Each structure stands twice: as structure tokens, then as C-alpha cells.
Amino acid sequence: MSTHSETVSSIYQQIVDRNPGENEFHQALYEVLETLSPVLEKQPEYAKNKIIERLCEPERQIIFRVPWEDDNGEIQINRGYRIGFNSALGPYKGGLRFHPSVKIGTMKFLAFEQTFKNALTGLPIGSGKGGSDFDPKGKSDNEVMRFCQSFMTALYRHLGENTDVPAGDIGVGSREIGYLFGQYKRITQRYESGVITGKSPQWGGTWIRHKATGYGAVFFCEEMVRAVHNEELKDKVAVVSGSGNVATYAMEKLRVIGAKVIACSDSSGVIIDRNGIDVDTVIHIKEVERARIKTYLDFHHDAEYIDGGNIWDIPCDIALPCATQNELQQADAITLVKNGCIAVCEGANMPSTPDAIKVFQQEGIAFGPGKAANAGGVASSALEMQHNATHGSGFEYSEERLHEIMNHIHRDCCDTAEEFGEPHNYVLGANIAGFRRVANAMLAFGII
3 MSTHSETVSS
13 IYQQIVDRNP
23 GENEFHQALY
33 EVLETLSPVL
43 EKQPEYAKNK
53 IIERLCEPER
63 QIIFRVPWED
73 DNGEIQINRG
83 YRIGFNSALG
93 PYKGGLRFHP
103 SVKIGTMKFL
113 AFEQTFKNAL
123 TGLPIGSGKG
133 GSDFDPKGKS
143 DNEVMRFCQS
153 FMTALYRHLG
163 ENTDVPAGDI
173 GVGSREIGYL
183 FGQYKRITQR
193 YESGVITGKS
203 PQWGGTWIRH
213 KATGYGAVFF
223 CEEMVRAVHN
233 EELKDKVAVV
243 SGSGNVATYA
253 MEKLRVIGAK
263 VIACSDSSGV
273 IIDRNGIDVD
283 TVIHIKEVER
293 ARIKTYLDFH
303 HDAEYIDGGN
313 IWDIPCDIAL
323 PCATQNELQQ
333 ADAITLVKNG
343 CIAVCEGANM
353 PSTPDAIKVF
363 QQEGIAFGPG
373 KAANAGGVAS
383 SALEMQHNAT
393 HGSGFEYSEE
403 RLHEIMNHIH
413 RDCCDTAEEF
423 GEPHNYVLGA
433 NIAGFRRVAN
443 AMLAFGII
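All residue numbers for the sequence shown refer to this note's numbering, where the first residue is 3 and numbers rise by one.
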């Protein structure tokens, strides 16, 4: 083991010891730190100034209670979080997640990943993440509104256009963003549209934001398949896990470019439609009816539903994990390879386990890590911030601009992997490219 590898291993162990029980955060740290030895060897000033140690410690961690009243008049209590991880490149930027699984380790892992993702966009944004263990599923609009108002009442003093700019994530869509922004406006008596992104285009948002993460993942996948396999996505068979915002618009863009998506899922099961998933139906089910994906059968009788099924068992050319972290494990990766899959592109944050990623890399599968492949959402959010700052129109930020950014991220990852002698290793390329941009800013600012 080289001196630099020993240094990184020691740093990793120190951080794990300081943050016990935060397994997702530990996993995200390991996946990044194991790739950084070459860059420490090439640029020793990073180690001398303890950039890794500084970068792996959040700048601030805010935890607060969120009391709210349900429709029965009962008081409920949830816990809220906001992690400001790194502001070397700009104000903290990252989504809010409302889901029962949310805890401090979840928030830290997501904010840490956001550091590299945001840096890869080349836009002036730092990294953050937040949320609550509140579950909007099954709640009335009024209950969601009351929760959002209480959440923002606790958080608003920590936000600002030049300080911290949240957006949506799992469980936080346009409805929740509207309630959150409305409460911020009510408390502050200021119309600071740039304090939150993911808004409707009618009041400061960009039309592409709703689709950007899913579209961006497909743009990245398209470039990756060309670079690694010299093939096109047209006529490829794809499966996309999830049926939320990211998955839905990834399926839409795959359909537009000529790929055939035959399966999607939610936490209850998997839908298989050999004729091709009807994306409009999925959007109706999830955004209008707010129902389970099984409802797809009511509209398409030839489709098949597998209760509790595993989407990775379905043979495909292209796999896009777009649901949640650690959903694709080693056994799933082996199955995908066996069934002829040639590319896996992450639409969610850290959906593939380290063992699954090793399988893909060993078998020559093109693999796009989430911090690069799903950066389209935060890139479009940064564009929304820009047009809010100038009081411009969100319609000027087009799909073509998103495509340009994703192609830039792909080239940056490719070029960096080539520079360090590992062509098409997008994990190494994304980690080092993102790390160097943040690290160089931190060096320029001195010890802060």
C-alpha cells in the first residue's frame, strides 16, 4: 500500500469513528476516498493542507423539531434537518427530502455526494441537503401544508439567496415547494424567489427543472454508451426503477430518442409492459391520482404486475436505477450482466452498492455514477437561481442548455479518467474532477 493510500485509509477511519452508526455516510465517503490516492500523489498540497479532512466535515448541521396538527386535531412531531456541507464554490445548494427513512446519516451522505455533483456542473453552487422523517403519502393537502409551514418556520432564518438555497427531492414536489416558499414569504415579508428552486415557471421557476434530472441522466447515458461501446441508445431495451419524477422523465426522454422502456417500479412492485411503458399513464397515476404503480393495469390490460418483484431480474440492454440508495446490489449486478446489460446509469443518489459497482467495472459494463449522471437537476436549479437574480424568464433556459451541461460533465469525467490512466472509469473521473474543483477553491480561500 502506498503512503498516500495509507493516508486516505487513516482519514476514512477517523471520520467513521467520529460519525458512528451513519452507514450511508460511511459508504459515500469510502466510494470517494478510495479513488483519491492518485490525485494526492500528483498534487501533494491537498494532503499538506488537509483538504480531505476539511472537505469531509460539514460546515454546519442544523436539527430541529417540526410540530404540526393533523386533520383530526392531533399534534404530530417530526424531526427536520439541514446540512450545509461545503460553500467553497457558492451558497449551499441541495434538495429537501420528506420520507420516513430520513435521519442525520442520510442527510450527510446526500450532502457529501452533492459536493461533487454540484462541482461537476461547473456552476457557482456549494452543497447541502435537508429534509424530515415526515411522510407526505396518505396525507391531505392541508396536512402537508401545515407541516411545510412549520418546517419553514424553523428553517427560514438559515436560508437566503446567497447563503442556502434548497430545492425538492423525494417527497417534495411542486406542491410542497409552493407551501414552503409561501411560508418563507409570509414570515420575511420579502419576495425572494431565489431562496428556493423547483418552483413553477409561473412564479420564478424554469420549465425544464421538473424534467431535468431524468433528462440529464439519459443525456449522460447516451454519451457514455457512445464512448464505451460505440453504440446508440436507439432501439435498446431499458428498465428504469422507480416511478417518481426522475424515473418518469428518464423514461420520457428514452422514448423520444428511440429506446424502449419495458419496466418501471415503486416500493410495492414492478410493472412490465412489453409494448413499452406508457409514460403519460405513469405521470397520471403518480402526479394526479397519487396511487401505486399497480394502477397501471387499469389502463393497460396487457401489462404484467409483479408484487414485490425485483426489476433487475428483467433482461435489458440499459438499466437506470432511479429510485433510492442501495437498491441495486451485487446479486442484481451479476443478473444484469448475465442477461446482457451493457450500461447502467444512476438517476438516484448512490443506488448501487460498492460490490455491485465492482461487478460492473470488472465486466466492462459502462457505469455512470449518480454524482455525474443525475447532476441535471441541480444544474437546472443553478440556472433557476441565475434567472431569479436577474428577474429574467425561466423559459430562456432550454433543454439544449441542459444537454450542453451534461455533455460537459461527461467530457470532464472522461478526460480526468484518461489523465489518471483509467479510461472510462467514470467513478474515478467524477470523484477526482469534482474533488479538484472544490479543493482548489478551498486552497485559494486559506484555512476556513
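For glycine and all other residues, C-beta sits at the position ideal for the given N, C-alpha and C.
Quantities reported herein were computed from a predicted structural model and do not represent experimental measurements.
Shortest Cα-Cα distance from T9 to any of P40, N312, G271 involves P40. Between L57 and E36, the alpha-carbon positions lie close to 15 angstroms from each other. The beta carbon of N21 is closer than 8 angstroms to those of F27, H28, G107, K110 in its chain, skipping five residues each way along the sequence. Residue pairing by DSSP puts E306 in a beta bridge opposite I274. Going by C-alpha positions, A265 is about 29 angstroms away from F136. Nearest in C-alpha terms to T190, of all of P356, I77, L161, R294, is L161. DSSP places P168 inside the beta strand (DSSP E), whose first and last residues are 166-170. Per DSSP, the continuous beta strand (DSSP E) segment holding I320 begins and ends at 320-323.
Between the segment 113-129 and the segment 87-101 there are three or more C-beta pairs closer than 8 angstroms, enough to call the two in contact.
In the DSSP assignment, V197 falls outside any alpha helix (DSSP H) and carries neither an H nor an E. Under the three-state reduction of DSSP, N409 is assigned to helix. F362 is a Cβ neighbour of V346, given a cutoff of 8 angstroms. Residue environment for K262: buried (at least 16 other C-beta atoms within 10 angstroms of its C-beta). Taking 8 angstroms as the cut-off, the beta carbon of S267 is found closer than this to the beta carbon of I295.
Boundaries of the beta strand (DSSP E) harbouring P69: 62-71, taken from the DSSP string. Taking 4 residues as the shortest admissible run, the segment 198-249 contains the following complete alpha helix (DSSP H) segments, listed from N- to C-terminal end: 211-231. Between A441 and Y48, the gap from beta carbon to beta carbon is short of 8 angstroms. For Q78, the three-state secondary structure derived from DSSP is strand. For D268, the enclosing beta strand (DSSP E) stretches over residues 262-268.
DSSP links F369 through a beta bridge to V346.
The closest CA to that of A240, considering only N277, T117, M352, is found on N277. From the listed residues D237, N232, F447, S269, the smallest Cα separation to G246 is found for S269. Classified as buried, S243 has 16 or more neighbouring CB atoms from the shown chains inside 10 Å of its CB. The segment 328-336 and the segment 292-307 do not touch, with fewer than 3 CB-CB distances between them shorter than 8 angstroms. Boundaries of the alpha helix (DSSP H) around L112: 106-122.
Between I320 and L235 the beta-carbon gap is near 7 angstroms, inside 8 angstroms, which marks them as a contact.
For Y181, the enclosing alpha helix (DSSP H) covers residues 176-190. As DSSP reads the structure, S129 sits in a beta bridge with N88. Within the model, the alpha-carbon separation for V429 versus C223 is close to 14 angstroms.
Judged by DSSP secondary structure, L98 falls within the beta strand (DSSP E) whose first and last residues are 94-100.
In the structure shown, the three-state DSSP call for S11 is helix.
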